[in-house]
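Have a look at the structure below, then the notes.
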Amino acid sequence: MDSMQVKTAVVGLGKMGVSHLSIANAIPQLDVVAVCDSSAILGQMVEKYTGLNCDTDFERVLATPDLAAVIIATPTRLHERMIASALDRGLHVFAEKPLTLSSVASETLADRAEAADRVAQVGFHYRFVGTFREAKRLLDAGAIGRVTHIMAEAYGPVVLKPSNKTWRSSAQEGGGCLYDYAAHPLNLMNWYFGQPTDCAGAILANPLSAEVDDAVYATMRFGNGVTGQLSVNWSDDSVRKMTTRVSIWGDKGKIFADRQELQLHCNGTPP
7 MDSMQVKTAV VGLGKMGVSH LSIANAIPQL DVVAVCDSSA ILGQMVEKYT
57 GLNCDTDFER VLATPDLAAV IIATPTRLHE RMIASALDRG LHVFAEKPLT
107 LSSVASETLA DRAEAADRVA QVGFHYRFVG TFREAKRLLD AGAIGRVTHI
157 MAEAYGPVVL KPSNKTWRSS AQEGGGCLYD YAAHPLNLMN WYFGQPTDCA
207 GAILANPLSA EVDDAVYATM RFGNGVTGQL SVNWSDDSVR KMTTRVSIWG
257 DKGKIFADRQ ELQLHCNGTP P
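Under our numbering, the first residue of the sequence shown is numbered 7, with each subsequent residue one higher.
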C-alpha cells in the first residue's frame, strides 16, 4: 500500500454513501480502510462484496489506526455531532449537503475546522463541473463587463405526488426543496458573487408535501451591486432528471451555463 495514500472512512451507506464509497475506491490517492452504517445487515453485505471492515459504531470507526479523513453521508440531523467528533480527532472531513439544519451550527463547524487546520468540504460538486468552472473563469476575466444580474435555476421530478414516507418529506431529516435542491444553485451564486447582502422576497411553496417545501423562489442582492433570482422546483415532471443552470447578464454580454454546455454572448473579444 502506498504510504502517501490518505486513509479514509466512509460513514453512511445510503444512495450517496454508496456512491462516495465507489468513487473513493477508484481514487489512487485514497485508501478506504473502514465503513460505517447503522444497519448491520447492510454492513455485512459491504464486507462480503468489498472486503472492507464495516462497523455500526461511529466512534469506533473514528479510532481506526492512522485514519486521516472521513466521508460523512448520513442523514443531515446526524451531521453536526459526527463532524464535530471527527474534527476533535484531527480528521479531515467531507460531508454531504446540507451541512447541518442550522446556519449557526454550520458556521461553528467551519470555525472549528479552520482552528484545527483541517480540510472540511461540503458536497457542492457543481463547482467542479467544467461548464460552471468556465463561467467562473469568464466572470473573473471580465468577459461580460460589469455583472448586473444572475438567474440560478434547478428543476427535477423528485416529488410528483403527496408522500410522507421518505427523508425528503421530513424537515427534521433535512428534507425539502430548499435544503436538497436549492443548495446547489445557491452555492454557485455564492461562488460567483459572494454572500447576498439581503433577500428582497422569497416564496416557499408546498403543493404536494405536507411538512416541507416543493418549490423555492427568491430575489436577492449582492454587495457588488449584482441582483439575483433563484427559481427551484423539485415537482417538475417536464424534466427527466435534475436540471441546473445559470444565466448571468453584464453590461458587455451574457453567460448561460448548464451541466452540458456554456454559451457566451459578448460585445468584445472573448478572453
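Glycine included, every Cβ here is placed at the ideal spot set by N, Cα and C.
query: Mind checking which residues open and close the beta strand (DSSP E) that includes residue 117?; result: Looking at the DSSP string, residue 117 is not in any beta strand (DSSP E); the run it does join, the alpha helix (DSSP H), is 109–122.
query: Extract the residue ranges of the alpha helix (DSSP H) inside the region 13–40, only unbroken runs of 4 or more that lie entirely within it.; result: 21–32
query: Would you identify the three-state DSSP class for residue 153, choosing helix, strand or coil?; result: strand
query: Which class does residue 164 belong to by DSSP, given the choice of helix, strand or coil?; result: coil
query: Enumerate in chain order the residues of its own chain whose CB-to-CB distance from residue 147 is below 8 Å, with the five nearest sequence positions on each side excluded.; result: 277
query: Can you tell me whether DSSP reads residue 260 as helix, strand or coil?; result: strand
query: Take residue 162 and list the residues in its own chain whose beta-carbon comes closer than 7 Å to its own, dropping the five residues that flank it on each side.; result: 187, 240, 242, 245, 247, 248, 249
query: Spatial neighbours of residue 17 within its chain, please: CB distance less than 8 Å, with the 5 preceding and 5 following residues excluded, ordered by chain position.; result: 23, 41, 42, 43, 64, 67, 76, 77, 78, 79, 80, 88
query: When you compare only the Cα positions, how much space is there between residue 218 and residue 165?; result: 11 Å
query: Restricting to Cα atoms, I'd like to know which of 93, 149, 83, 180 is closest to residue 261.; result: 149
query: Report the rounded CA-to-CA distance for residue 7 versus residue 69, giving the unit in angstroms.; result: Here residue 7 scores only 46 on pLDDT, less than 50, and its place in the model is too uncertain to base an answer on.
query: When you compare each of 116, 195, 36, 85 to residue 107 by their alpha carbons, which one comes out closest?; result: 85
query: Would you mind reading off the limits of the beta strand (DSSP E) that contains residue 98?; result: 98–101
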